[in-house]
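Residue numbers (this note's numbering), protein chains in the order written: chain A, 4 to 501; chain B, 6 to 340; chain C, 2 to 337; chain D, 527 to 836. Quick reminder that beta carbons are idealized off the backbone N, C-alpha and C, glycines included. Here's the structure we're looking at; comments come further down.
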Amino acid sequence: MSKYILELKNITKTFPGVKALDNVNFQLKSGEIHALMGENGAGKSTFIKVITGVHQPDQGEIFLKGKKVNIKDPNDSKKLGIAAIYQHATSYPHLSVTENIFMGHEKIDIKTKRILWEDMHQSAEKFLKELGAEFDPKRRMSTLSVAQQQIVEIAKAISTNAEIIIMDEPTASLTKTESEDLYRITEKLQEIGTSIIFISHRFEDMYRLAGRVTVFRDSKYIGTWGVNEVSNQDLIKAMVGREITQMFPSKNAEISEEIFRVEKLSRKGYFKDISFTLHSGEILAITGLVGAGRTELCQSLFGIERYDSGKLYFEGNEVEIKEVQAAMKLGIGYLPEDRQEQGLILDWELDKNISLTSLDKISQYSFIDRKKEKSMAKRLAELVNVKARSIFNLAKELSGGNQQKIVVAKLLTSDLKVIILDEPTKGVDVGAKSAIFKIMADLAAQGYAIIMVSSEMPEVLGMGDRILVMRNGEITKEMAVEEASQEKILAAAMQEKI
Amino acid sequence: MSEKSSKNKISLERIQQIREFSLIGFIIVLSIFVQFRNSNFLTMSNIDDLLTNTAILSILAVGMMMVIITRGIDLSIGATLALSGMVTSMTVSNYPSLHPLVALLIGIFIGLISGAIIGLLVAKFNILPIIATLGMMNVFRGITFLISGGKWVSAYQMSDSFKAISTGSILGINNLILIAIIIYLVFYYFINYTRTGRKIYAVGSSPESAKISGINVDRITWLVYSIMGGLAGLSGVLWVSKFASAQSNTASGYEMNVIAACVIGGVSIAGGEGKVTGLISGVLLYGILENALPMINVSPFWQNAIQGAVILIAVLVSALIKRRIGSSNKIRRED
Amino acid sequence: MVNNSNNGITLNREIKSEKEFSLKKFFFQWEWLLFLIFIAIHIINSQLSPYYLNTYTLLDATMTFLDKAFIALSMTFVIIFGDIDISVGSTIALASVIMAVLYNAGLPMPLAILVCLLVGVIAGFINGILIVKFKELSAVIVTLSTMILYRGIAYIILENQASGGFPMWFNFLGWGYIKTIIPFILVAFIIAAVIFYVLLHKTTFGRKVYAIGNNDVASLFSGVKVDKIKIIVFTLNGLMAAIAALFLTSKMGSTRPNIASGYELDVIAMVVLGGVSTSGGKGRMIGVLLSIFIIGFLRYGLGLVNVPDQVILIVIGILLIFSVMLSNLKLFSNKS
Amino acid sequence: QEGKYAIIVKNAGNPYNEKEMDGFEKAINEIGGEVILKAPAEPTAESQIIMIEQLITQHVDAIAIAGNDPDALQPALKKAMSRGIKVLSLDSAVNAQSRMVHINQADPEQIGRVQIQAISEMIGGSGQIAVLSATSQAANQNTWIEWMKKELEKPEYDQIELVKVAYGDDLRDKSVSETEALLKSYPDLKGIIAPTTVAIAAAGKVLTDRGLQGEIELTGLGLPSEMAEYIKNGVCDWMYLWNPIDVGYLAGYAAEALVTEKITGNPGETFEAGRLGSKEVIQAGDGTEIMLGAPFRFDKENIDQWKDVY
Ligand SMILES: Nc1ncnc2c1ncn2[C@@H]1O[C@H](COP(=O)(O)OP(=O)(O)OP(=O)(O)O)[C@@H](O)[C@H]1O
Ligand SMILES: Nc1ncnc2c1ncn2[C@@H]1O[C@H](COP(=O)(O)OP(=O)(O)OP(=O)(O)O)[C@@H](O)[C@H]1O
Ligand SMILES: [Mg+2]
Ligand SMILES: [Mg+2]
């Protein structure tokens with residue numbers, strides 16, 4: 004018996020025009036938690052999909068417990084005891100949580116093949132409880148928040164009793180406490196002998212969980228290290244190919260006059276009595292636990308959702324924001340939480356994606372000037388450092404992090420004064436993260452006012468000038484970054500209003 | 006996520022239930038109104054007529070529901086029905102001693118083949134359902150015309166046992182109603198209590214997820230069109246037996262009635278949604294409209310408009326109710 | 002791909018902004034296939050009938066199918082949304098019936114025509130409003146209901162009567178020629194086609210329509226007035242149905258509540274054969290135009306050699322499926 | 527004498543229309559011309575207009591048409607006539623401006639009246655009756671129903687009450703539910719007149735299934751093949767129709783007479799119509815027509831010899 008439960012040798016996979024995996028090797032020990040890291044677009048997700056049979060490799064071999072296996076489709080991998088949580092949720096929005104968890108391996112009466120609904124609901128509830136979630140498994144998937152859906156995905160993987168569980172960025176949309184639950188579960192799985200591949204852009208996750216770490220870069224295998232044997236700096240260098248000395252750029256923006264003021268803004272059932280002011284050059288970080296109502300607040304400020312009461316002042320004048328166009332006209336921009344659903348048109352080329360928010364800039368009497376459009380797209384795509392061959396690449400061909408950069412580029416087409424960024428670094432690699440932070444700092448220096456929603460403590464502390472903590476739809480604490488600390492923020496996020 | 010808040014939430018099942026109740030409420034109000042105008046409406050004999058006349062529609066609706074759940078649509082069922090009816094009745098007229106069960110099997114078989122072809126086109130050749138079925142609708146109608154040579158098969162050419170398929174009764178219940186009930190029971194079980202049944206929903210709710218989690222999407226797609234075809238084939242036999250006449254334009258345009266019944270019954274054209282219990286109320290409402298309008302003496306020129314308005318109102322009202330529940334389900338805290 | 006790991010500095014990658022010309026890509030387009038079918042149909046037809054290949058015949062033939070083709074132009078927009086409008090046949094009936102009744106009640110014909118267009122606009126607007134306000138309902142459901150409703154209203158108005166007796170000049174729409182051989186309807190259609198082509202492919206409006214068809218949520222977040230544009234498109238579709246009603250009514254000289262029944266499926270067939278996917282976001286006007294003429298000339302040509310209508314339907318059905326099957330081959334890229 | 531003769535019937539896939547085409551073809555074969563048979567898939571005026579255009583392009587000499595709409599074909603048929611094509615209608619007339627002559631299967635007055643006479647005889651001169659027609663705008667049916675109502679005004683029908691005119695839209699399912707509605711809404715109903723094939727067969731079926739023969743009488747116009755069953759089982763004692771083959775046949779000869787200018791469509795002209803003998807053009811309304819004969823009565827005695835014919 005081989006000492007590796009899963010081994011992949013010389014895997015190569017090309018998509019039309021892109022080599023996603025280039026002669027990659029990988030070894031998973033039985034019962035270990037193995038972190039897989041690398042830049043956006045390094046090929047991690049593709050690699051996972053090769054293991055689970057979603058993609059067929061062009062060449063290379065897969066060995067399971069020393070035996071060569073041929074995985075033709077996801078069913079094969081399921082039968083071999085491999086389960087995966089994919090980066091982009093693979094849920095059934097119309098179906099109940101229970102069904103999402105058990106789809107394809109429903110509990111059935113052995114004789115009659117009848118589905119045992121009650122049994123399933125009960126075990127679903129049990130799985131959810133184990134994961135620290137308490138929602139009713141009969142609920143429809145589409146009524147859950149992104150984080151809750153993620154928890155269901157995890158429950159789904161656990162429910163198959165797989166020997167190997169692969170998690171592709173499971174923490175990307177989780178907050179600290181929820182991540183803790185996930186750590187606990189993952190460790191428990193390890194205890195009972197499950198082998199786990201864990202993909203994440205968070206170093207925190209890796210240090211907390213993994214024994215070993217493998218790094219991919221530009222579709223190639225770079226190396227595997229024991230987590231304790233390798234320094235942070237070396238790991239970053241392996242991933243990015245250069246050194247990143249400073250994650251958060253030094254801020255030299257001058258915080259000046261008030262631009263935007265929110266007074267007692269409420270939306271029934273979502274948020275209540277929200278008040279704050281925003282100055283030019285300032286980065287206001289809003290943090291809190293998942294479901295605290297941050298996204299809802301941002302969407303109301305951007306005119307996607309109505310607010311019920313409260314006042315908004317823009318540059319001193321009272322304004323109403325009832326639709327997106329009103330917000331845009333004032334100079335408010337919004338980077339949505341879910342880039343694939345809300346930010347991009349995946350089947351479109353990059354240039355068209357970038358220009359969509361500012362069609363009037365590239366048109367005359369409503370006639371589009373393609374030349375202008377292309378040059379604008381090229382300029383902005385290069386500005387945000389997108390990894391793409393040309394502006395005619397389709398958005399869906401980019402990796403997650405690069406897609407996020409395109410959404411940022413879209414914002415930069417308009418003349419904005421206030422930029423609202425909702426989880427801008429979700430699922431973004433270190434390199435891109437620091438690039439996005441750099442862009443943020445630059446924008447602040449140019450006098451933009453920025454609202455940044457984030458669940459990442461270091462990011463909030465590193466980038467914010469002022470920090471708002473939300474809990475249950477209300478602001479529980481406002482503090483300057485100087486007086487803030489992780490403990491204070493967490494306390495405010497979890498307690499009642501102080 | 007506190008425990009309390011999640012318990013208050015209206016569950017998936019509740020939403021569906023309330024929707025169905027609202028539709029049933031609508032049906033009751035409508036029935037009372039009609040009864041008021043014509044006291045014959047709620048008599049046993051009329052209810053029997055109503056159910057008998059709705060049976061074929063309801064059988065087709067089950068198949069259509071499954072097709073629509075997978076995000077598809079089948080415009081060819083009227084044509085399939087005609088083809089199966091024509092072939093069966095031609096066979097019966099040539100072999101009058103043929104056992105009615107054999108006739109039923111022939112019809113189902115022809116329908117199955119027609120459906121399987123469509124399923125193949127949709128699943129294997131990735132042709133959008135609306136195009137594949139629009140195309141095959143023309144083809145099936147044309148074939149029916151060609152094999153019949155433009156002739157009809159009339160009552161005197163059909164054996165009594167064949168005609169008895171739809172006029173006979175067991176325990177006082179008309180065969181058509183009985184067949185429809187059996188089909189509803191079978192498919193209720195199939196859809197709710199078998200893995201394959203649930204996969205139909207998975208495919209409709211998110212084909213990408215289904216594919217990635219190892220569900221054979223093509224097979225399921227192929228299956229639902231085949232089932233639809235089989236049910237259309239069965240309906241073809243029942244149709245010609247009921248009306249004792251087979252023509253090449255039998256049931257032309259009937260697919261629209263079936264789709265309308267599904268839609269009223271809460272089957273979402275966007276896929277992933279639809280329940281057998283909801284479908285029954287949709288089919289019933291449709292059947293009542295067809296049955297009641299002639300009985301309350303409305304001018305024939307008003308019938309179309311009334312039918313359209315009722316469908317529109319039923320659909321809008323149920324959408325409003327769904328929205329009410331949906332939004333209260335989303336709101337997390339009541340102050 | 003550039004690997005700039007060695008020099009240790011951040012270098013913004015150069016991103017190409019000129020399209021690489023690929024001969025293969027150029028030729029393997031859906032529209033070329035349609036074009037080939039188009040040519041093939043003319044060759045076959047002219048082999049079959051000695052009357053076919055003749056300027057007069059070809060020009061005259063267009064008169065038989067261009068009325069519904071007007072709707073195909075705007076239906077293209079609707080289907081790019083991923084929606085569908087099956088109420089257009091009924092809209093024709095309603096608009097036409099109201100026009101005829103008002104004319105016979107003494108309204109001058111030009112005003113009656115205006116009312117006809119207005120009815121189309123209102124019918125389309127109602128569709129649009131319902132679809133936008135009731136997002137949980139799909140367009141199929143809404144237009145299925147209004148399909149029954151609109152025709153129902155036409156029946157209420159005209160019952161079993163026909164209404165006609167229009168002034169002589171109204172005949173010109175359906176039967177008139179320009180320069181004695183070019184059908185007026187052809188000229189009108191070409192003008193409309195150019196307008197719709199430009200609208201879809203050259204303007205911000207068209208771009209937004211594609212955006213909504215691909216991802217309406219992202220469009221909303223990008224500041225596209227999704228609802229407004231949807232309403233405009235459905236209203237436009239109603240208007241085009243009313244224009245079709247004018248030509249059809251002129252062609253028939255009178256109208257009845259049952260005219261234009263089944264038109265919706267013909268129009269949809271034209272649009273989808275043109276490569277516009279009912280799943281939304283894809284398709285080009287050129288394809289639709291080619292497909293209009295393919296179906297039209299095919300029908301006309303086969304009818305000219307007196308092939309039974311049923312057989313023509315089989316041929317069109319198979320053509321529809323077969324060509325879409327071909328287009329699904331990986332060879333054909335079908336981008337907007 | 528070679529010529530190209532075309533016939534357009536209402537729609538394909540209907541034996542009545544097929545027989546009309548048969549008769550027309552037979553006549554033209556006797557005459558020795560080329561025959562073109564056309565039948566649209568759906569019975570709409572729109573599809574007939576396209577066919578007329580196609581026939582104009584083929585330079586036919588004559589078009590005989592069973593119109594799906596009396597008025598809507600006018601512009602198209604006028605265009606045909608202006609190109610020198612002789613146009614006549616048969617079975618279902620187009621308006622007088624769009625045709626040179628119409629082949630009338632039977633006098634509409636007679637058709638209307640004879641059905642009332644029949645039902646009166648069947649129900650013994652008193653009781654409620656209803657009419658189950660095709661679509662509400664079917665022109666033929668509507669004229670016949672008008673004549674039925676006129677006949678009912680006669681004093682001998684004082685005891686007969688026409689309670690409802692229902693429309694089955696020539697659809698099987700709708701005709702059945704309309705029949706059932708009649709039975710339930712008018713429990714005292716004595717007779718049904720269904721002047722159209724689909725409706726009379728549907729009514730026959732309903733009455734048969736409910737064992738109502740003898741209680742509710744049925745008559746009207748129907749195809750012998752469709753009605754054979756119900757005539758034999760006594761649900762319908764007798765009904766009427768004319769011979770569609772003869773309608774087509776007469777249209778063929780009339781077309782030839784027009785083309786060879788034996789007639790021009792003016793009243794008083796006569797011509798030889800093959801086995802049907804000499805026929806005369808007569809005035810009818812503001813147009814002219816050629817009458818085939820009286821409607822033919824089908825009953826138990828003769829139905830067996832006709833049921834296999836059409
Ligand atoms: N279906 C596909 N078609 C074409 N190219 C693809 C496809 N899927 C992935 N790629 C390309 O393959 C490369 C690797 O992508 P992959 O999603 O595996 O990256 P990743 O390492 O998971 O990145 P991230 O951290 O952003 O999720 C990228 O360049 C991407 O554009
Ligand atoms: N406990 C819950 N029950 C039901 N729905 C919830 C719950 N928590 C959040 N949601 C839903 O999830 C969505 C996201 O929540 P919201 O935007 O209010 O929070 P957030 O602070 O932005 O959290 P996130 O970090 O996930 O963005 C909302 O649409 C909300 O309705
Ligand atoms: Mg990835
Ligand atoms: Mg959020």
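Worksheet item: Closer than 9 angstroms, Cβ to any Cβ of chain A: which residues of the stretch 155-178 of chain B, in chain order?
Response: Within the stretch 155-178 of chain B, no residue qualifies.
Worksheet item: Nearest chain C C-beta to D:Q584 closer than 7 angstroms, yes or no?
Response: At least one beta carbon of chain C lies nearer than 7 angstroms to the beta carbon of D:Q584.
Worksheet item: Terminal residues of the continuous alpha helix (DSSP H) containing D:R468?
Response: An answer regarding residue 468 of chain D cannot be provided, because it is not within the stretch 527 to 836 covered by chain D.
Worksheet item: Any chance the stretch 267-281 of chain C sits against the stretch 67-75 of chain C, with 3 or more Cβ pairs inside 8 angstroms?
Response: Under the Cβ criterion (8 angstroms, minimum of three pairs), the stretch 267-281 of chain C counts as touching the stretch 67-75 of chain C.
Practice prompt. Taking A:M209 and A:V230 to be in contact with their CB atoms under 8 angstroms, please state how far apart those CB atoms are, rounded to whole angstroms.
Written response: Going by Cβ atoms, the distance from A:M209 to A:V230 rounds to 6 angstroms, so yes, they are a contact pair.
Worksheet item: Would the beta-carbon of A:H124 fall within 7 angstroms of that of A:T146?
Response: No, they are not a contact pair.
Worksheet entry | Assigned secondary structure, D:Y531 (DSSP; H/G/I helix, E/B strand, else coil) | If DSSP states are grouped into helix, strand and coil, D:Y531 belongs with the strands.
Discussion item. In the DSSP output, what is A:K32 paired with across the bridge?
Written reply: Looking at the DSSP output, A:K32 shares a beta bridge with A:Y7.
Fill in: The beta strand (DSSP E) enclosing A:T290, as first and last residue numbers
Segment 286-291, the beta strand (DSSP E) holding A:T290.
Item to complete: Provide the residue(s) that pair with D:G653 in DSSP beta bridges, ordered along the chain.
Response: Beta-bridge pairing links D:G653 to D:I686.
Worksheet entry | Same chain only: Cβ atoms within 8 angstroms of D:A859, ignoring 5 sequence neighbours per side | What is shown of chain D runs 527 to 836, which leaves residue 859 of chain D out entirely.
Worksheet item: Any chance the CB of B:N143 is under 6 angstroms from a heavy atom of ligand 1?
Response: Incorrect: B:N143 has no Cβ contact closer than 6 angstroms to ligand 1.
Worksheet entry | Supposed contact pair A:Y337 and A:E299 - C-beta distance, whole angstroms, cut 8 angstroms | So it is not a contact: roughly 13 angstroms between Cβ atoms.
Worksheet item: Going along chain B in order, which residues have a C-beta closer than 7 angstroms to the C-beta of A:G107?
Response: What A:G107 touches in chain B: S218, G219, I220.
Worksheet item: Do three or more CB pairs link the stretch 232-247 of chain C to the stretch 94-105 of chain C at distances below 8 angstroms?
Response: Judged by Cβ distances under 8 angstroms, the stretch 232-247 of chain C makes contact with the stretch 94-105 of chain C, as three or more pairs qualify.
Fill in: Beta carbon of B:K168 nearer than 7 angstroms to that of D:P541
Not closer than 7 angstroms, so no.
Item to complete: Select from D:E787, D:D772, D:G730 the residue whose C-alpha is nearest the C-alpha of D:G760.
Response: Taking D:G760 as reference, the option from D:E787, D:D772, D:G730 with the minimal CA-CA separation is D:G730.
Worksheet item: Counting contacts by CB-CB distance shorter than 7 angstroms, is C:D217 in contact with chain D?
Response: With a threshold of 7 angstroms between beta carbons, C:D217 makes no contact with chain D.
Worksheet item: Nearest to D:N828 by alpha carbon, out of D:E755, D:Y775, D:I808, D:Q631?
Response: Nearest Cα to D:N828 within the set D:E755, D:Y775, D:I808, D:Q631: D:E755.
Item to complete: Take B:S246 and list the residues in its own chain whose beta-carbon comes closer than 7 angstroms to its own, dropping the five residues that flank it on each side.
Response: Close CB contacts of B:S246 within its chain, under the 7 angstroms cut and outside five residues either way in sequence, are with F167, K168, I170, S171 (chain order).
Worksheet item: Does the beta carbon of C:F126 sit closer than 7 angstroms to a beta carbon anywhere in chain A?
Response: So no, C:F126 is outside the interface.
Fill in: Interface positions of the stretch 383-411 of chain A facing chain C (Cβ-Cβ less than 8 angstroms), listed along the chain
Answer set for the stretch 383-411 of chain A: A384, E385, L386, N388, V389, K390, A391, R392, S393, I394, F395.
Discussion item. Suppose contacts are defined by Cβ-Cβ distances below 7 angstroms. Is B:R313 in contact with C:S146 by that definition?
Written reply: One detail in the question is off: residue 313 of chain B reads as Gly in this sequence, not Arg. In this structure, B:G313 places its C-beta atom within 7 angstroms of the C-beta atom of C:S146.
Item to complete: Consider the C-beta atom of A:G44 and the heavy atoms of ligand 1; say whether any pair is separated by less than 6 angstroms.
Response: For ligand 1, at least one heavy atom lies less than 6 angstroms from the Cβ of A:G44.
Discussion item. So, at 7 angstroms on beta carbons, what are the nonlocal neighbours of C:G9 in its own chain, with the 5 sequence-adjacent residues on each side left out?
Written reply: Interpretation of C:G9 is limited by its pLDDT of 31, a score under 50 that renders its predicted location unreliable; no figure is taken from the coordinates.
Worksheet item: Is any beta-carbon of chain C found at less than 7 angstroms from that of B:G307?
Response: The sequence as given places Trp at residue 307 of chain B; Gly does not occur at that position. For B:W307, the answer is yes, since a Cβ of chain C falls inside 7 angstroms of its Cβ.
Worksheet item: Which residues in the same chain have their Cβ closer than 7 angstroms to the Cβ of B:V315, if we skip the five residues on either side of it in sequence?
Response: Cβ contact annotation for B:V315 (same chain, cutoff 7 angstroms, sequence separation greater than five): L294, in chain order.
Worksheet item: What residues in its chain sit with their C-beta under 7 angstroms from that of A:F305, if we drop five residues either side in the sequence?
Response: Excluding positions up to five away in sequence, the list reads V327, A330, I335, Y337, I423.
Worksheet item: Got a sec, what are the start and stop residues for the beta strand (DSSP E) D:N630 sits in?
Response: Where D:N630 is concerned, the enclosing beta strand (DSSP E) starts and stops at 627-630.
Fill in: Cβ-heavy atom distance, A:K47 to ligand 1, below 6 angstroms
Yes, since a heavy atom of ligand 1 falls inside the 6 angstroms radius drawn around the Cβ of A:K47.
Item to complete: Confirm the yes/no value for this check: CB of A:V53, any heavy atom of ligand 1, distance under 6 angstroms.
Response: No, Cβ of A:V53 sits at least 6 angstroms from all heavy atoms of ligand 1.
Practice prompt. Report yes or no: is there a C-beta of chain B within less than 7 angstroms of the C-beta of D:S652?
Written response: The beta carbon of D:S652 sits no closer than 7 angstroms to any beta carbon of chain B.
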